[in-house]
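> This is the structure I have questions about; it appears just below.
Numbering (the working numbering), first residue to last: 10 to 381.
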């Protein structure tokens with residue numbers, strides 16, 4: 010930490026060197042910084058006319074559930090603030106009731122009026138989205154009790170996109186790729202030999218990439234690197250007497266190159282949906298644009314036009330059947346239509362926000378909040 014500080018502020022090297030950086034001091038400073046940020050959030054939260062919350066519950070490496078609560082609010086000057094409100098470890102059950110209690114406590118502690126909740130975003134876990142006893146249902150009932158209109162409830166758009174990507178059922182290809190990568194990387198000696206082999210033949214890459222299911226971009230990156238190292242991987246594995254069907258069998262290789270192309274496009278979409286300050290209307294526009302591309306790609310595959318599938322174009326010959334790939338894109342279309350049905354119901358709201366001058370005023374939704 011001291012070295013980093015000296016690089017950032019070299020002119021204050023002497024002063025920085027005199028600062029005590031014991032473990033207790035660092036922990037105390039971090040706690041003070043965190044407390045100050047939280048106090049600023051609470052102070053600005055007093056002026057929120059409306060705010061939305063987003064929740065994510067995941068398990069850490071010690072098998073303890075961590076509930077993250079984010080808040081995004083707007084004040085009377087139309088200034089928007091987006092910040093992490095609270096991270097709560099949940100050592101016991103993680104039922105909808107438990108999560109609801111944690112959410113209410115976080116809102117009350119921050120001094121945010123519950124009646125100003127305009128939206129709530131969650132993943133698609135049953136404890137979050139159950140129609141009767143899920144978290145969203147409990148929040149909506151609480152708002153009704155307060156005499157306030159229900160909040161806009163949406164699923165996390167990036168999570169939905171990642172789930173849609175999993176409908177591409179080329180499991181034999183993915184399992185083979187993961188198996189051979191693990192064969193290389195899970196053994197220290199084998200891994201060192203592979204890296205030395207790549208260096209010896211002056212390969213463009215130094216290694217293959219591990220596959221991580223929970224990382225949204227992992228599948229596309231793993232497939233692309235495996236394909237680009239296909240010749241090197243095949244030669245190395247065959248030296249050990251291991252046959253690599255996904256690189257030897259033409260049909261499996263065609264499945265691999267199709268997956269390489271389509272997962273790269275899915276990764277491009279995923280990156281567009283990431284980042285702080287993303288507006289829901291813009292994110293949904295990106296999803297709709299991708300769905301339009303799917304229609305185009307499907308039609309082009311019917312005509313054997315592979316201009317948007319460069320990896321396929323380089324390897325596929327005129328006799329390669331493409332029907333299974335058009336079916337895969339059709340399935341991807343259906344999955345996107347199904348997963349983003351909740352966003353479709355709010356298209357008018359998004360449109361009046363993003364482009365009010367071209368919107369038909371007669372279709373405008375009723376205003377929920379009165380601005381004074």
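Backbone N, C-alpha and C define an ideal beta-carbon position, used for all residues, glycine too. The structure displayed is predicted, hence computed values, not measured ones.
Taking 8 Å as the limit between beta carbons, can you name the residues of its chain near residue 322, skipping five residues before and five after?
Here residue 322 refers to the residue found at position 313 of the chain shown. The answer, listed in chain order, is 315, 316.
> With 16 as the cutoff for other CB atoms within 10 Å, does residue 264 come out buried or exposed?
The residue labelled residue 264 in the question sits at position 255 within the chain shown. That one is buried.
> Grab the span of the alpha helix (DSSP H) containing residue 54 for me, first residue to last.
The residue given as residue 54 occupies position 45 in the chain shown. Residue 54 -> alpha helix (DSSP H) spans 32-54.
> At what residues does the beta strand (DSSP E) containing residue 58 begin and finish?
Start at 1 with the first residue of the chain shown, and residue 58 comes out as number 49. Segment 57-68, the beta strand (DSSP E) holding residue 58.
> Are the segment 155-173 and the segment 87-102 touching, with three or more C-beta to C-beta distances below 8 Å?
No contact exists between the segment 155-173 and the segment 87-102.
> How long is the line joining the alpha carbons of residue 55 and residue 120, rounded to whole angstroms?
Counting from 1 along the chain shown, the entry for residue 55 is found at position 46. Counting from 1 along the chain shown, the entry for residue 120 is found at position 111. Approximately 7 Å between the Cα atoms of the pair.
> Looking at the unbroken beta strand (DSSP E) that takes in residue 19, where does it start and where does it end?
Taking the chain shown and counting its residues from 1, the one referred to as residue 19 is at position 10. Careful: residue 19 lies outside any beta strand (DSSP E) and carries neither H nor E.
> Which of helix, strand or coil does DSSP assign to residue 263?
Along the chain shown, one-based indexing puts residue 263 at 254. Note: residue 263 maps to helix in three-state DSSP.
> Are the beta-carbon atoms of residue 397 and residue 100 separated by less than 8 Å?
There is simply no residue 397 to check, as the chain begins at 10 and stops at 381 in what is shown.
> Is the number of C-beta pairs between the segment 127-134 and the segment 158-165 that are closer than 8 Å three or more?
The segment 127-134, when compared against the segment 158-165, does touch it at the 8 Å Cβ threshold.
> Within the same chain, show all residues whose beta-carbon is closer than 6 Å to that of residue 167, passing over the 5 residues directly before and after it, in chain order.
Translated into the one-based positions of the chain shown, residue 167 becomes position 158. Contacts found: 282.
> List the whole-angstrom C-beta distance separating residue 105 from residue 136, where the pair is believed to meet the contact cut-off of C-beta under 8 Å.
In the chain shown, the residue the question calls residue 105 occupies position 96. In the chain shown, the residue the question calls residue 136 occupies position 127. Indeed they touch by this definition, with Cβ atoms about 5 Å apart.
> Measure the beta-carbon distance from residue 17 to residue 57 and round it to whole angstroms, keeping in mind my assumption that it falls under 8 Å.
Here residue 17 corresponds to residue number 8 of the chain shown, with the count starting at 1. Here residue 57 corresponds to residue number 48 of the chain shown, with the count starting at 1. Going by Cβ atoms, the distance from residue 17 to residue 57 rounds to 34 Å, so no, they are not a contact pair.
> Are the segment 234-248 and the segment 289-308 touching by the rule of at least three beta carbon pairs closer than 8 Å?
No, because fewer than three Cβ pairs between the segment 234-248 and the segment 289-308 fall closer than 8 Å, the two stretches do not touch.
> Please state whether the Cβ-Cβ distance between residue 255 and residue 185 is less than 8 Å.
Indexing the chain shown from 1 puts residue 255 at position 246. Indexing the chain shown from 1 puts residue 185 at position 176. It is a contact, given that the beta carbons lie within the stated cut-off.
> Going straight from the alpha carbon of residue 170 to that of residue 370, what length do you get?
As a first step, residue 170 must be located in the chain shown, where it is residue number 161. As a first step, residue 370 must be located in the chain shown, where it is residue number 361. Straight-line Cα distance between these residues: approximately 32 Å.
> For residue 97, which option in 103, 108, 76 has the closest C-alpha, if you only look at C-alpha atoms?
Within the chain shown, numbered from 1, the residue matching residue 97 stands at position 88. Considering only alpha carbons, the answer is 76.
> Could you tell me if residue 69 is buried or exposed, where buried requires 16 or more neighbouring beta carbons within 10 angstroms of its beta carbon?
Counting from one through the chain shown, the residue named residue 69 turns up at place 60. Exposed: under 16 other Cβ atoms inside 10 Å.
> Nearest-angstrom Cα distance between residue 378 and residue 95?
On the chain shown, residue 378 is found 369 positions in, with the first residue counted as 1. On the chain shown, residue 95 is found 86 positions in, with the first residue counted as 1. Unreliable placement is indicated for residue 378, whose pLDDT of 47 sits below 50; no coordinate value is reported for it.
> Mark residue 32 as exposed unless 16 or more other C-beta atoms lie within 10 angstroms of its C-beta, in which case mark it buried.
Within the chain shown, residue 32 is the residue found at index 23, counting from 1. Exposed, because fewer than 16 other Cβ atoms sit within 10 Å of the Cβ of residue 32.
> With DSSP collapsed to three states, give me the class of residue 150.
Here residue 150 refers to the residue found at position 141 when the chain shown is read from its first residue. The answer is helix: DSSP assigns residue 150 an H, G or I state.
> With 16 other CB atoms within 10 Å as the buried threshold, where does residue 110 fall?
Position 101 of the chain shown holds residue 110. The residue is exposed, with fewer than 16 neighbouring Cβ atoms inside 10 Å.
> I need the straight-line Cα distance from residue 93 to residue 332, nearest angstrom please.
Taking the chain shown and counting its residues from 1, one reaches residue 93 at position 84. Taking the chain shown and counting its residues from 1, one reaches residue 332 at position 323. About 46 Å.
> Label residue 380 either buried or exposed according to how many other C-beta atoms from any shown protein chain fall within 10 Å of its C-beta, with 16 as the threshold for buried.
Taking the first residue of the chain shown as 1, we reach residue 380 at position 371. Its pLDDT being 49, under 50, residue 380 is placed unreliably in this model, and the value from its coordinates should be taken loosely. Exposed: under 16 other Cβ atoms inside 10 Å.
> Can you tell me whether residue 362 is buried or exposed? The criterion is at least 16 other CB atoms within 10 Å of its CB, across all chains shown.
Translated into positions along the chain shown, residue 362 becomes position 353. Exposed.
> Tell me whether residue 143 is buried or exposed, calling it buried when 16 or more other Cβ atoms sit within 10 Å of its Cβ.
On the chain shown, residue 143 is found 134 positions in, with the first residue counted as 1. Residue 143 comes out buried.
> On the DSSP bridge list, what partners appear for residue 93?
As a position in the chain shown, residue 93 is number 84, starting the count at 1. Bridge partners of residue 93: 79.
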